[in-house]
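Heads up, the thing below is written out as structure tokens.
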Amino acid sequence: MMLIAGTVPIRDMPLSIGEVTAGEEVLFVNGESIPCTQGTGAMVSAALATTTYLGLDAPHTLLAGDVGEGTGSRELYQYLIDHIAEISPTVLALHYWLPEMSQTRQLCEAVKKCRRRPLMIADAASMYSAKGAGLAEEFDIFTPDATEIAFLADPDATHPAYIARHLFETDIAQAPELARVAYKNRGAAKLLLVKGATDYIIRDGEVLAMVTEPDVPPLEAIGGTGDAITGLVAALVYAEMEPYEAAVIAAKANRMAGKYARATPATRVKHIVDQFPAVFRDNLCQWSGVCFLEGGN
Amino acid sequence: MAFLKRQQKVKFEGGGLVLFQEVPQAMLAEKVLKSAGYTVRLVAPPPELRKGCDLAVEINLVEQAGIERLLKERDTAYVSINPIRPGTAPLLEIVKVTDFGDWVMVKAGNMKITYEKRRGIIVNVSGGGCPDIPYLHAELVDKRLDEAPRPKDVGFTLCALNLERALEECLTLYAEGDKT
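These protein sequences, in sequence, are chains A and B.
Read in order, the letters of the first sequence are residues 28 to 324 in my numbering.
Read in order, the letters of the second sequence are residues -3 to 176 in my numbering.
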């Protein structure tokens, strides 16, 4: 099972766990409707589009409403701490929540009790808390953007809003050097997919791949495209791709979806996600060397 | 034996300090914040951060926006909110503007707002990772810059403060009639 955990911007939505299904404009989990907008909704939508194309089980999601007060976030942490061992997912992807380092430590301890260690992915504030707690190396994949890689490189920072002044340069071209520092300071996951005008796939401080085409600059403005990349990576490793290959294909697929969507800065992320089946149909065979028929048939 | 299984107390790691002029202000702030559900504790500030009294309230720095708002609403005086670690500065000081032709994207720290030049309508909000950002995305998108809710008024986190800075810059650019 792939489990995606994160908050959704619905005030007072109770903690909800279950398999996700797609509606016309929204996602459904346990009767709750979740918007396919920036944040966990975009990530789940991208993962679901991928698993559907590949004929895999839909992602399971653990979601809670939280508009910033932190209550839903704390419920998510506690549920995972209490139940992750019995759930024992194959892939555990953590996303938006209020970063809380001590609960992140408890969660990483609880994960050790899983029957088999899940492949661990963190993006957004779950990446902040993992790094802030000094547990980045426990994770298999982080998916930072240009600002967040500077945060990972700062050994003492707990949030990208406050970092050492000498790291203020957040041009994506600096990503390899910042990643090298992040690895040296043990602030990086085993694999980094740094999202930007150039996407970098980096392991142990070494740039393994750069993805630059197609070049679709408006993607940076569209809220949720980074979340969608993380959803793609999660689904592709769930399909048993190696993390490196999953990261490269996710970066390519997201760019290609932007091209298919004729993205402008006003495009919504759902329109990008809606392109993924066509992107996979046209490109996945060539990119991966493994040719799937849509729906796994 | 059950009484030996008492849950281990979890150490609080906040990363931020609210500084005060006087001790009673610090004690009142702790009470106000705890009653609102925030996890906080009274601590002695390090000498390099000491601005008034020798008592401070440690907070989860990420929650700065909501805490600032609550203390102001309750008329609880404080000097400043600082990261515990010296030498750190807020990234929102770095503002970048990207011209996309019909649209302008303003980036402050880790947050971006894109608006349509002609009508001043917010068309996208991106960046960030805290739970109020998807909510603010929904609240801001499709609104005019001058009619959108202010992230500092409805957000709770450091990401919201960066978004506020981006919105301020968007308003300035749009008001200047620059629209370029």
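Glycine is no exception: its CB is placed at the ideal position from the N, C-alpha and C atoms.
For the pair of segments examined, the stretch 71 to 83 of chain A was found to touch the stretch 253 to 263 of chain A: the number of CB pairs separated by less than 8 Å reaches three. Linking residue 65(B) to residue 98(B) through their CA atoms gives a straight-line distance of about 35 Å. Contact check for residue 121(A) against residue 100(A) fails: the beta carbons are separated by 7 Å or more. Residues of the stretch 98 to 112 of chain A whose Cβ lies closer than 8 Å to any Cβ of chain B, in chain order: 98, 99 and 100. Boundaries for residue 137(B): no alpha helix (DSSP H) harbours it, and the DSSP string shows neither H nor E there. Nearest neighbour of residue 148(A) by Cα position, chosen from 43(A), 63(A) and 170(A), turns out to be 170(A). Among the residues of chain B, those whose CB is under 8 Å from the CB of residue 174(A) are 87, 105, 106 and 123, following chain order. Between the stretch 289 to 298 of chain A and the stretch 118 to 131 of chain B, the count of C-beta pairs closer than 8 Å reaches three or more; the two stretches touch. With fewer than 16 other beta carbons inside 10 angstroms of its own, residue 19(B) counts as exposed. The continuous beta strand (DSSP E) containing residue 78(B) extends over residues 76 to 79.
Nearest CB-CB separation between residue 23(B) and chain A: not below the 7 Å threshold.
The beta carbon of residue 247(A) sits closer than 8 Å to those of 223 and 224, all from its chain and outside the five residues before and after it, given in chain order. Contiguous beta strand (DSSP E) elements confined to the stretch 98 to 129 of chain A occur at 118 to 121, taking only those with 3 or more residues.
The beta carbon of residue 152(B) sits closer than 7 Å to some beta carbon of chain A. The criterion of a C-beta distance shorter than 7 Å is not satisfied by residue 111(A) and residue 73(A). Taking C-alpha positions only, residue 173(B) is separated from residue 188(A) by approximately 30 Å. Counting along the chain, residue 120(B) sits inside the beta strand (DSSP E) bounded by residues 118 to 123. Interface annotation for the stretch 119 to 135 of chain A against chain B: 122, 123, 124, 125, 126, 127, 128, 129, 130, 132 and 133, criterion Cβ-Cβ distance under 9 Å. Among the residues of chain A, those whose CB is under 7 Å from the CB of residue 131(B) are 36, 94 and 95, following chain order.
The three-state secondary structure of residue 113(B), taken from DSSP, is coil.
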